[in-house]
Amino acid sequence: MNNTVKPIGDGRTKGDVLLEIRNLQIEGESDEIWRPIVKGVDLTLKRGEVLGLIGESGAGKSTIGLAAMGYARGGCRISGGSVVFDGIDLLAAGDEARRKLRGSRIAYVAQSAAASFNPAHQLMAQTIESVTREGIKGKGEAEKDAVELYRRLRLPNPEEIGFRYPHQVSGGQLQRAMTAMAMTCRPDLIIFDEPTTALDVTTQVEVLAAIRDIVEQFSTAAIYITHDLAVVAQMADRIKVLRYGKQVEEAPTREMLASPREDYTKSLWSVRKLGKQEQAGGEPILEVRNVTAAYGNAVRVLSDVTVTVPRGRTVAVVGESGSGKSTLARVITGLLPPLEGEIVFNGKTLPRALKERAQDTLRRIQMIYQMPDTALNPRQTVYDVIGRPVEFYRGLTGAKKEARVVELLKLIEMDEGYIDRLPGELSGGQKQRICIARALAAEPELIICDEVTSALDQIVQEGILQLLMRLQRELHVSYLFITHDIATVRAISDEIVVMFQGRVVQQGPKTQVLSPPHPPYTELLLSSVPEMDPDWLTNLLTRRKDQPVAMKAGDR
Amino acid sequence: MTESAHSPETAVMPAARPSGGRRTRGERIWRALRKAPPSAWFGIVVIGIYLVVAIFAHWIAPYSETALVGGAYEPWGEQFLLGTDQLGRDMLSRLIYGARNTVGIAFVTTLLSFAVGGVLGLIAAVSGGWIDQVLGRMIDVLMAIPQLIFALVLLSILGSSVVNLILIIALLDSTRVFRLSRSVSQGVVVMDYVEAARLRGEKLPWIMGREILPNIMPPLVAEFGLRFCFVFLTIAALSFLGLGIQPPTADWGSMVRDNAALITYGDITPLLPAGAIALLTVSVNFVVDWFLHKASGLRE
Numbered sequence: 005m006n007n008t009v010k011p012i013g014d015g016r017t018k019g020d021v022l023l024e025i026r027n028l029q030i031e032g033e034s035d036e037i038w039r040p041i042v043k044g045v046d047l048t049l050k051r052g053e054v055l056g057l058i059g060e061s062g063a064g065k066s067t068i069g070l071a072a073m074g075y076a077r078g079g080c081r082i083s084g085g086s087v088v089f090d091g092i093d094l095l096a097a098g099d100e101a102r103r104k105l106r107g108s109r110i111a112y113v114a115q116s117a118a119a120s121f122n123p124a125h126q127l128m129a130q131t132i133e134s135v136t137r138e139g140i141k142g143k144g145e146a147e148k149d150a151v152e153l154y155r156r157l158r159l160p161n162p163e164e165i166g167f168r169y170p171h172q173v174s175g176g177q178l179q180r181a182m183t184a185m186a187m188t189c190r191p192d193l194i195i196f197d198e199p200t201t202a203l204d205v206t207t208q209v210e211v212l213a214a215i216r217d218i219v220e221q222f223s224t225a226a227i228y229i230t231h232d233l234a235v236v237a238q239m240a241d242r243i244k245v246l247r248y249g250k251q252v253e254e255a256p257t258r259e260m261l262a263s264p265r266e267d268y269t270k271s272l273w274s275v276r277k278l279g280k281q282e283q284a285g286g287e288p289i290l291e292v293r294n295v296t297a298a299y300g301n302a303v304r305v306l307s308d309v310t311v312t313v314p315r316g317r318t319v320a321v322v323g324e325s326g327s328g329k330s331t332l333a334r335v336i337t338g339l340l341p342p343l344e345g346e347i348v349f350n351g352k353t354l355p356r357a358l359k360e361r362a363q364d365t366l367r368r369i370q371m372i373y374q375m376p377d378t379a380l381n382p383r384q385t386v387y388d389v390i391g392r393p394v395e396f397y398r399g400l401t402g403a404k405k406e407a408r409v410v411e412l413l414k415l416i417e418m419d420e421g422y423i424d425r426l427p428g429e430l431s432g433g434q435k436q437r438i439c440i441a442r443a444l445a446a447e448p449e450l451i452i453c454d455e456v457t458s459a460l461d462q463i464v465q466e467g468i469l470q471l472l473m474r475l476q477r478e479l480h481v482s483y484l485f486i487t488h489d490i491a492t493v494r495a496i497s498d499e500i501v502v503m504f505q506g507r508v509v510q511q512g513p514k515t516q517v518l519s520p521p522h523p524p525y526t527e528l529l530l531s532s533v534p535e536m537d538p539d540w541l542t543n544l545l546t547r548r549k550d551q552p553v554a555m556k557a558g559d560r
Numbered sequence: 071m072t073e074s075a076h077s078p079e080t081a082v083m084p085a086a087r088p089s090g091g092r093r094t095r096g097e098r099i100w101r102a103l104r105k106a107p108p109s110a111w112f113g114i115v116v117i118g119i120y121l122v123v124a125i126f127a128h129w130i131a132p133y134s135e136t137a138l139v140g141g142a143y144e145p146w147g148e149q150f151l152l153g154t155d156q157l158g159r160d161m162l163s164r165l166i167y168g169a170r171n172t173v174g175i176a177f178v179t180t181l182l183s184f185a186v187g188g189v190l191g192l193i194a195a196v197s198g199g200w201i202d203q204v205l206g207r208m209i210d211v212l213m214a215i216p217q218l219i220f221a222l223v224l225l226s227i228l229g230s231s232v233v234n235l236i237l238i239i240a241l242l243d244s245t246r247v248f249r250l251s252r253s254v255s256q257g258v259v260v261m262d263y264v265e266a267a268r269l270r271g272e273k274l275p276w277i278m279g280r281e282i283l284p285n286i287m288p289p290l291v292a293e294f295g296l297r298f299c300f301v302f303l304t305i306a307a308l309s310f311l312g313l314g315i316q317p318p319t320a321d322w323g324s325m326v327r328d329n330a331a332l333i334t335y336g337d338i339t340p341l342l343p344a345g346a347i348a349l350l351t352v353s354v355n356f357v358v359d360w361f362l363h364k365a366s367g368l369r370e
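From first to last, the protein sequence lines are chains A and B.
Per this note's numbering, the very first residue in the first sequence carries number 5; after that it's consecutive.
Per this note's numbering, the very first residue in the second sequence carries number 71; after that it's consecutive.
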């Protein structure tokens, strides 16, 4: 029994060293060649301390997180260094010994709880599985404890939620149930691997607060992995910045936020400062008038939505998942014919369905997708992808087509050496650039950007946003920019449309929407966006306790 | 907007080409072949030998497939390496011509069934709605009747010519190809790049041929190998039952049947065509296994 709950004091009690990683080297295999992923990282974690690991994708954050449990993913191997957990050398210990530790003293919370729970079992059975299997607790005792944890994690109906199946609760609740699962054995160390990345901002606040509380209550040591600086600022005592499998720098949170030493860290910090002067709207290029839409005969996804996009401007549509943002894009493009209302483009009403629209109309409205991986055909080269619309809309072939493709590549700041590459040979940011070039190849007047930066690292995001803004200045395209990220909205928009449950809650010029007073939902949304201030979460929670937000949308 | 110096993404990105440019298709195939396991190599070599034998049967075989060159059931010897059959035709020559007939017909049949089933499956997946329903139900009806019995009935009604044989087996086999091609296409149809093609205004043939087909090729090719074996076995079975390839054309299935009596006397000659069938089936499966393993792993 490992139930020695330390006194819940003011702040976290930090004890002796719990985890010590020295000169960790991890290699990954591709094409039967082993390449280093983690190149000599040191890490020390004391009892009750939370260490934040940040960096862009490919920096080796998750790999290090798993290595802290003595585990290497398939296709990876730990090739050097040592991982000592509470005096036990995890790399030298056998598989059996490591497995024992993982069930009882080290726990792991994965990024996507939805993918990590077994859909065929109730939450309770999965929550207590490891403790009962290890024989740490009996079934009855474990269940009682799980209910207590559910309560502490502020899950609704803690007595009953354990009898639900994973699909019957929301993503945010599932993420908290997973944290409960990790806590049941009262581990000394928990590894959180991007636990809130897949959640909406409004939900994220709840989960962050719950995790922080419970880690504090049991003074558990934690490694918190994320790419979001503002999040890590709320959670961690110390921050370690990683890049290309090496440490860039490490410092206590406040010190790191106030005065980062390395250039790379500074660049991470400054990404959020991107901004654009708001420009007043001109004549409208697109008007969505009183549109109502539904999938099949089911629930209405959009009701009475009216949105106007002025020519050469950027209109940002914000809202959490399920608010109907992407459906709005599908209605505009004609993929989902609306039940009521009309789409007016360049002063003319467009046919509702895609098939009835003229090719030239299709050309003028282009779309860029969230996931460049699925938006590019893996079997088509860059030349095929960009060349097709050039050929299809403008009828260029041969040398003329190739010249145009090269021209478009220049426009998106890539050189012609990429022309024969397949998408698999490009980075995430490069793929998204190719998607932009494909849209530009049609010479459109309106580009619908559906969460185009949310799958990318922050620095890459900045590059893409700058490119989009430059293209707007040079080519005068208009953007309908769908996003849930308020920082992006601040950076690029002229006007903002706030959506909630298929309705437009607020709409207007950027400065007007972003400055108080806000309607309740806008207030909730805006206040939920993490800030770089380490006291932000604490202050927010105190504020919300004092004046509860009217519209409680976060619990999903 | 001043931080571009730290980002490799914001300056014009030069593409560091791998030395010597992109690998060509031939080089990629050769690279993959070099890493193939021995079982796959065995399969490839055997299939190669079969192909050579089938194509050059006319020059390799010592006698014609239909000529009566000796007495019935002559034993193995100098003149007839593998003896003669019940009519006095040279067994070895008939085995060699059998490769051409049986393998050739099976190959054409499989090709046809993939053309029909594959295209219909793609259409069903891309179109969805009632087209998908109608096609799906028709295929269900065909699949509800046991394949061999259905083939027997149709062949008895229509008469067993080579053309009928090919058409009937191709039709019956295309049902399974349809199912496979429809289900793998459905995984691709939902991808954003297919939606992007639709938004561009592309027509059905482009979406099917250029956007989807290249992405479903690996499972289709693997299935081709397996279906080829099944078609091959079906033809052999039908021939054994007397409704397949008709005499005097040499065919492994009917060769087993015609000489089956010899087994009673401890002569293994009738097992040779059966062995030829078995060996080819095993070889094709080796190659398919390797291919599936490659296709399911990481892409190059």
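No residue lacks a Cβ here, since even glycine has one placed at the ideal position from N, Cα and C.
All of these numbers come straight from a predicted model, not from anything done at the bench.
Here's the rule: buried if 16 or more other CB atoms are within 10 angstroms of the residue's CB, otherwise exposed. What is residue i?
i	result
S327 (chain A)	buried
F89 (chain A)	buried
M536 (chain A)	exposed
G91 (chain B)	Residue confidence is low: G91 (chain B) scores 42 on pLDDT, short of 50, so the model does not pin down where it sits. No coordinate-derived value is stated.
L541 (chain A)	buried
E499 (chain A)	buried
I315 (chain B)	buried
E100 (chain A)	exposed
Measuring CA to CA, which of the options is closest to residue i?
i	options	result
R317 (chain A)	A:E210, A:L358 and A:I451	A:I451
M375 (chain A)	A:P521, A:V456 and A:T337	A:V456
A181 (chain A)	A:P162, A:K414, A:P448 and A:T385	A:P162
I490 (chain A)	A:I468, A:V517 and A:Q505	A:V517
K270 (chain A)	A:E259, A:A124 and A:G279	A:E259
I140 (chain A)	A:R190, A:Q115 and A:F167	A:R190
I416 (chain A)	A:A459, A:N543, A:L472 and A:L366	A:L472
D20 (chain A)	A:L49, A:Q29, A:I41 and A:L28	A:L49
L274 (chain B)	B:P318, B:A331 and B:L190	B:L190
L105 (chain A)	A:I194, A:P538, A:G506 and A:S61	A:I194
R334 (chain A)	B:P340, B:I219, B:L269 and B:Y335	B:L269
E60 (chain A)	A:I496, A:I440, A:L246 and A:T201	A:L246
A495 (chain A)	A:L469, A:S519, A:H522 and A:L366	A:L469
Residues of chain B with CB closer than 7 Å to the CB of residue i, please, in chain order.
i	result
A379 (chain A)	D262, Y263 and A266
M260 (chain A)	Going along chain B, no residue has its Cβ under 7 Å from M260 (chain A), so there is no contact; the nearest lies around 17 Å.
T337 (chain A)	L269
Check for me: the alpha helix (DSSP H) holding residue i runs from which residue to which?
i	result
G435 (chain A)	The sequence shown places Lys at residue 435 (chain A), not Gly. Its alpha helix (DSSP H) spans residues G432 to A445.
K104 (chain A)	D99 to S108
P393 (chain A)	V386 to R398
Kindly list, in the order they appear in chain A, the residues whose Cβ is closer than 7 Å to that of residue i.
i	result
L290 (chain B)	Near L290 (chain B) there are no residues of chain A at all, since even the closest Cβ is about 13 Å away, more than 7 Å.
G271 (chain B)	Q363 and L366
Is it true that the CB of residue j sits closer than 8 Å to the CB of residue i?
i	j	result
A110 (chain B)	F294 (chain B)	no
S66 (chain A)	I229 (chain A)	yes
V260 (chain B)	I277 (chain B)	no
L484 (chain A)	V321 (chain A)	yes
V501 (chain A)	V311 (chain A)	yes
G168 (chain B)	A320 (chain B)	yes
D183 (chain A)	I218 (chain A)	Residue 183 (chain A) is actually Thr in this sequence, not Asp. Result yes, Cβ atoms of T183 (chain A) and I218 (chain A) sit closer than 8 Å.
D204 (chain A)	S325 (chain A)	yes
Could you check whether the Cβ of residue i sits closer than 7 Å to any heavy atom belonging to the ligand NAD?
i	result
I452 (chain A)	Among the components modelled here there is no ligand, and therefore nothing to report on the ligand NAD.
Interface residues of chain B around residue i at Cβ under 8 Å?
i	result
R383 (chain A)	P284 and N285
F396 (chain A)	R270, G271 and E272
M375 (chain A)	D262
With residue i as the anchor, note down where its beta strand (DSSP E) starts and where it stops.
i	result
W38 (chain A)	I37 to K50
Could you tell me which chain A residues have their CB closer than 8 Å to the CB of residue i, listed as they occur along the chain?
i	result
E148 (chain B)	Ordered by position in chain A, no residue passes the 8 Å Cβ test against E148 (chain B), which lies about 52 Å from the chain.
E135 (chain B)	The premise fails here: E135 (chain B) is roughly 44 Å from chain A at the closest Cβ pair, so nothing lies under 8 Å.
* Asked: Name the residues in the region 351 to 362 of chain A whose C-beta lies less than 7 Å from a C-beta of chain D; which are they?
  -> Of the protein chains in the structure, A and B, none is chain D.
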